[in-house]
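Letter by letter, the sequence shown follows residues 35 to 140 of our numbering.
For each residue, glycine too, the CB sits at the ideal point set by N, CA and C.
In what follows, a structure is listed as structure tokens, so that the remarks can point back to it.
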Amino acid sequence: PEDQVAGFLRLSIPQKNAPKTGMADLDGAAIIREVHVYGQSLEVGAEKSGSAQHAGLGTRLLEYAEQVANAHGFGRMAVIAAVGTRGYYLNRGFERGELYLIKEIG
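This is how it looks when you write it as structure tokens:
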């Protein structure tokens, strides 16, 4: 239904004059803090009718976050990903950095 939240993405847009973090992964990066799609957990590749998971919602949230980051002048996005979710991000154009997964954008 249109009046319910199916998922969300938290994107940090650092101020341009913010102090440097000392982490190369974060230089010039907007930071994805969290991506969450609600619903019954499904294994990767599994499908269930009516489920928000594995329907492309997370991918669309990432694409929109990329547009927002780009509009704010950022050339990359960074995310810390647990072992079980790294493949998800790697399959969507992210690459391994020192601590974060990084995607060049724009």
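1) LEU96 and ARG126 look like a contact to me (Cβ under 8 angstroms); what is the Cβ gap, rounded to whole Å?
2) ALA64 and ILE47: beta carbons closer than 9 angstroms?
3) How is ALA52 classed by DSSP in three states: helix, strand or coil?
4) So ILE139 and PHE128 are supposed to be a Cβ contact under 8 angstroms. How far apart are they, rounded?
5) Can you name, in chain order, every residue of its own chain whose Cβ lies under 8 angstroms from the Cβ of ALA86, other than the five neighbours on each side?
6) Is DSSP giving GLY41 helix, strand or coil here?
7) Using the DSSP secondary-structure output, state which residues sit across from ARG110 in a beta bridge.
8) Could you tell me which of MET111, LEU45, ALA103 and TYR122 sits nearest to GLY90, measuring between CA atoms?
In short, the structure shows the following:
1) As a position in the sequence shown, residue 96 is number 62, starting the count at 1. As a position in the sequence shown, residue 126 is number 92, starting the count at 1. Indeed they touch by this definition, with Cβ atoms about 6 angstroms apart.
2) As a position in the sequence shown, residue 64 is number 30, starting the count at 1. As a position in the sequence shown, residue 47 is number 13, starting the count at 1. Yes; because the gap between Cβ atoms is below 9 angstroms, this pair is in contact.
3) If you number the sequence shown from 1, residue 52 lands on position 18. Coil, per DSSP.
4) What you label residue 139 is simply residue 105 of the sequence shown in a count that begins at 1. What you label residue 128 is simply residue 94 of the sequence shown in a count that begins at 1. Between PHE128 and ILE139 the Cβ distance is about 10 angstroms, and since that is not below 8 angstroms, they are no contact.
5) Translated into the one-based positions of the sequence shown, residue 86 becomes position 52. Because the pLDDT of ALA86 is 49, which lies under 50, any placement of that residue in the model is unreliable, and the number read from its coordinates should be weighed accordingly. Around ALA86: ALA40, GLY41, VAL71, TYR72 and GLY73.
6) If you number the sequence shown from 1, residue 41 lands on position 7. DSSP places GLY41 in strand when its eight states are reduced to three.
7) The count along the sequence shown starts at 1 and reaches residue 110 at position 76. Beta-bridge analysis with DSSP links ARG110 to ALA63 and GLU138.
8) As a working note, residue 90 is residue 56 in the sequence shown. When only C-alpha atoms are compared, the closest one is TYR122.
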